[in-house]
Every structure is written in C-alpha cells, then in structure tokens.
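Asks: Quick note: the sequence shown uses the working numbering, first residue 122, plus one each step.
Glycine included, C-beta positions come from ideal geometry on N, C-alpha and C.
Quick caveat: nothing in here was measured; it's all calculated off a predicted structure.
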Amino acid sequence: QSMLEELLIHKPDDPIEFMINHLKQNNDDAPRICVLGPPSSGKTTIAMWLCKHFNAIHVSQETLLFKEVLTQTKEAKAHKERNQKIPNALWANLIQERLSNVDCIKQGWILEGFPENQEQAWMLQSSGIFPRHVVMLYAPDTVLIERSSGKRIDPLTQEVFHTTFDWPSDPEVQQRLVKPEDLSEQEVSKKLLEYHRNFPELFHIYQKVLKSINADQPSVDVFSQVLAFVQTRHRSAAPFTPRILFCGPPGSGKSLQAALIAQKYDVVNICCGQLLKEAVADNTKLGELVKPYIDKGHPVPDNLVLKLLTERLSALDCLTNGWVLSGFPRNTEQGKQLQKAQINPN
Numbered sequence: 122q123s124m125l126e127e128l129l130i131h132k133p134d135d136p137i138e139f140m141i142n143h144l145k146q147n148n149d150d151a152p153r154i155c156v157l158g159p160p161s162s163g164k165t166t167i168a169m170w171l172c173k174h175f176n177a178i179h180v181s182q183e184t185l186l187f188k189e190v191l192t193q194t195k196e197a198k199a200h201k202e203r204n205q206k207i208p209n210a211l212w213a214n215l216i217q218e219r220l221s222n223v224d225c226i227k228q229g230w231i232l233e234g235f236p237e238n239q240e241q242a243w244m245l246q247s248s249g250i251f252p253r254h255v256v257m258l259y260a261p262d263t264v265l266i267e268r269s270s271g272k273r274i275d276p277l278t279q280e281v282f283h284t285t286f287d288w289p290s291d292p293e294v295q296q297r298l299v300k301p302e303d304l305s306e307q308e309v310s311k312k313l314l315e316y317h318r319n320f321p322e323l324f325h326i327y328q329k330v331l332k333s334i335n336a337d338q339p340s341v342d343v344f345s346q347v348l349a350f351v352q353t354r355h356r357s358a359a360p361f362t363p364r365i366l367f368c369g370p371p372g373s374g375k376s377l378q379a380a381l382i383a384q385k386y387d388v389v390n391i392c393c394g395q396l397l398k399e400a401v402a403d404n405t406k407l408g409e410l411v412k413p414y415i416d417k418g419h420p421v422p423d424n425l426v427l428k429l430l431t432e433r434l435s436a437l438d439c440l441t442n443g444w445v446l447s448g449f450p451r452n453t454e455q456g457k458q459l460q461k462a463q464i465n466p467n
C-alpha cells in the first residue's frame with residue numbers, strides 16, 4: 122500500500138525500477154509517528170520515550186535547527202536569529218530531507234510537534250510523507266499554563282523536566298536545567314489560541330490514523346496508551362470479507378453479540394441451532410435427516426451439522442458480505458472438522 126502511494130506521488134519514469142528500489146530501502150514495519158498537541162502537553166517526553174522503545178529517530182523543529190546539518194539549515198537558522206517566522210515550505214523541505222535519510226527509512230521516525238497547521242500537513246503529504254499513526258495529546262488550558270511555568274530542559278539531552286511533577290533525582294542534571302524562552306503566561310496563552318484555531322483542520326486531515334489521548338494524567342499512563350495505539354496496525358484498504366466465529370459458555374451472550382455485529386456490519390448471521398430448525402421447517406433433504414434427532418431431543422451428528430453449515434456458508438450472500446457464526450463448534454473435535462471442511466474464520 123505504501124509503495125502504491127509512493128508511485129502515485131512521484132510518478133517515476135521507470136515504475137519497475139522505482140518499486141525494486143522501494144522494496145530494497147523501505148522497512149514497512151518501521152514506525153512513522155507524529156506526536157502533536159498544545160504547548161506543555163508532554164510531546165517531547167512522549168516522543169523521546171517512543172524513540173527509546175522503538176530505537177527510532179527523533180525529529181523535531183529543535184533537532185532540525187541545532188542537531189542536523191541539512192541543505193537549508195543555515196537559511197532556517199538565519200530566520201530564527203532575526204526573530205522571523207520560518208516559512209512552512211522551508212520546514213517541509215527540512216523534514217523531507219531528514220526523513221529521506223537512511224536511518225529514518227530503516228529505523229523509522231517520531232516527528233514531534235509538526236505539522237502545526239493545515240498548510241504544513243498538505244506540504245508533508247505532497248512530499249510523500251504520510252504518518253502511520255498520529256498521536257494528538259490534549260489537556261485543559263489551565264493545566265497547560267500551570268505546567269509551562271515549571272517546565273525545565275536539559276540542554277545536554279533535550280529531556281524535559283518539571284519543578285513539581287517530574288524533578289530529576291541526579292544533582293548534576295538538576296544543576297544544568299534551564300528554563301525555556303518565551304514561557305510567560307501571556308505567550309503560552311497566545312500559542313494555545315493559535316493551536317485551538319488550527320486543531321480542527323489537522324484532525325480532519327489525519328482522522329483515519331489519529332487518536333486523541335488525555336495528557337492530564339501521569340506521564341507513564343499517557344505513554345502506555347500511546348504505545349498501545351501506535352502498536353496497532355490499521356486495516357488495509359484492500360477488500361475484506363469478515364468471517365467471524367463467536368465462542369463462549371452457555372448464557373455468555375454469543376447469539377446476541379453475533380446478531381448485533383451482523384446488524385452493524387451487514388454480514389450474514391448464522392446461529393447453528395436456528396439453522397437446524399430452519400432446515401427441518403423447509404423440509405429439505407438434510408432437514409429430513411435432522412428432524413428425528415430434534416424431535417427426540419438428541420444431539421444432531423456433527424457430519425449433518427457440517428453439511429448444513431458448508432452449504433449455507435457457500436451461499437452467495439455469505440461469500441460476498443461475510444458471516445458471523447455462533448453455536449458451533451462446541452469442542453475441539455468439531456473445531457478440527459470445521460478446518461477440514463475449509464471453514465476458516467479470519
């Protein structure tokens with residue numbers, strides 16, 4: 122899927138050569154994650170923890186300006202030194218150049234705090250940069266303003282600490298912590314206002330790969346929720362026919378859940394007991410064989426049940442829409458017989 126996206130974006134003259142190079146270079150299992158959120162929501166902490174967990178490359182506006190030597194780094198720094206806003210196109214170029222390096226391709230990347238608005242997101246997309254997961258942190262403005270006043274940065278490691286919530290135990294680290302620039306309450310309020318203005322457009326662009334996570338809780342809890350999300354794989358855009366099997370003890374609600382799933386996703390609901398009764402009521406050949414067992418209250422032999430199931434699951438509606446089955450198998454032997462009959466839930 123990612124290779125097809127790349128083909129559509131770059132439109133290479135030699136698509137076969139392009140696909141071969143893509144397969145040689147790209148690691149489709151490598152993380153491609155954006156961590157977004159308002160000021161003081163904990164983006165840097167979460168991004169750095171993700172990098173440690175996945176051994177991925179941390180990319181942020183700070184690392185691009187002060188840790189990397191890229192083609193347009195000098196130009197970006199010049200804007201910064203003149204207290205001018207760095208243009209969106211320049212940021213997009215710096216990010217594209219950094220993410221196309223071999224380490225980012227092989228190890229994956231965690232992009233922190235970018236894009237900040239719709240224009241930046243579109244520029245990333247036009248450069249072929251599509252995150253697999255977008256983490257959107259949020260917290261009440263009052264909490265964020267309070268947090269920002271106690272924020273401290275370790276200039277050596279770029280780790281973020283807090284005077285109240287997360288103070289380092291190492292005296293050496295304590296000594297070298299510095300207060301970030303532009304952290305007055307007025308400045309933070311201004312940045313929050315700008316963030317809230319841009320948030321709906323970003324949410325709309327990334328909604329299929331985005332999860333909002335409450336940052337107003339211990340950072341360890343925030344990270345566990347972020348990690349659970351970024352380790353999920355998004356469903357492929359390829360056609361998919363669900364084949365669902367519900368198992369559980371009597372009274373656990375199998376048939377009810379199966380009916381709800383069938384209704385929600387427009388798949389065929391097959392309850393084994395109901396299927397047997399319908400076969401008897403319709404006077405089918407199999408129904409006539411099943412009838413004596415039902416009349417006497419005896420279990421219907423597995424071979425008859427399997428024949429009925431195989432026939433029903435081979436019908437056109439089941440093949441095109443998918444199915445949800447409950448009431449069979451009830452034991453390991455019946456499960457093995459289902460497999461032999463090529464009835465495999467997915």
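Below 8 angstroms between beta carbons: does that hold for Phe282 and Asp291?
Replies: No; because the gap between Cβ atoms is not below 8 angstroms, this pair is not in contact.
Asks: Is the segment 436–445 touching the segment 357–371 in the sense that three or more CB pairs, one from each, lie closer than 8 angstroms?
Replies: The segment 357–371 is in contact with the segment 436–445.
Asks: Along the chain, where does the alpha helix (DSSP H) containing Cys172 start, and where does it finish?
Replies: Residues 164–175.
Asks: Since Cys393 is in the alpha helix (DSSP H), which residue starts that stretch and which ends it?
Replies: 393–402 is the extent of the alpha helix (DSSP H) around Cys393.
Asks: For my contact list, Leu191 and Arg153 are in at a C-beta cut-off of 8 angstroms; report their separation, rounded to the angstrom.
Replies: At roughly 19 angstroms, the Cβ-Cβ gap does not stay under 8 angstroms, so Leu191 and Arg153 are not in contact.
Asks: When we look at the beta-carbon of Val351 and count the other beta-carbons within 10 Å, is it buried (16 or more) or exposed?
Replies: That one is buried.
Asks: Quick one: give me the first and last residue of the beta strand (DSSP E) that Cys155 is part of.
Replies: Counting along the chain, the beta strand (DSSP E) containing Cys155 begins and ends at 153–157.
Asks: Between the Cα of Val255 and those of Glu183, Pro208, Lys188, Phe324, spot the shortest distance and give me the residue it belongs to.
Replies: Comparing Cα-Cα distances from Val255 to each of Glu183, Pro208, Lys188, Phe324, the minimum goes to Phe324.
Asks: Among the candidates Asn222, Ala379, Glu183, Glu138, whose CA atom is the shortest distance from the CA of Gly234?
Replies: Ranking the options by Cα distance to Gly234, first place goes to Glu183.
Asks: Rounded to whole angstroms, what's the CA-CA distance from Leu313 to Lys132? Just pull it up for me.
Replies: Their Cα atoms are separated by approximately 39 angstroms.
Asks: In three-state DSSP terms, what is Val388?
Replies: In this structure, Val388 counts as coil in the three-state DSSP scheme.
Asks: Whose C-alpha, out of Asn467, Asn424, Lys375, is nearest the C-alpha of Gln103?
Replies: Since the first and last residues shown for the chain are 122 and 467, residue 103 lies out of range.
Asks: Let me know if Leu129 comes out buried or exposed under the rule of 16 or more other beta-carbons within 10 Å of its beta-carbon.
Replies: Label assigned to Leu129: exposed.
Asks: Closest to Ile216 by C-alpha separation, out of Trp230, Val299, Asn204, Leu265, would be which residue?
Replies: Checking every option, the nearest Cα to that of Ile216 belongs to Trp230.
Asks: Roughly how many angstroms lie between the CA atoms of Lys311 and Gln205, to the nearest whole one?
Replies: Computed Cα separation, rounded: 17 angstroms.
Asks: Under the DSSP definition of a beta bridge, which residues are partnered with Tyr470?
Replies: This structure cannot speak to residue 470, because the chain is shown only from 122 to 467.
Asks: Mapping the DSSP letters down to three states, classify Phe187 as helix, strand or coil.
Replies: Helix.
Asks: Could you check the C-alpha separation between Glu280 and Thr263 for me, to the nearest Å?
Replies: One C-alpha to the other measures close to 23 angstroms.
Asks: Check whether the segment 417–431 touches the segment 326–345, taking contact to mean three or more Cβ pairs, one atom from each stretch, closer than 8 angstroms.
Replies: Short answer: they don't touch.
Asks: When you compare only the Cα positions, how much space is there between Asn238 and Pro289?
Replies: Going from the Cα of Asn238 to the Cα of Pro289 covers about 34 angstroms.
Asks: Are there 16 or more other CB atoms within 10 angstroms of the CB of Gly369, so buried, or fewer, so exposed?
Replies: That one is exposed.
Asks: Is DSSP giving Lys201 helix, strand or coil here?
Replies: If DSSP states are grouped into helix, strand and coil, Lys201 belongs with the helices.
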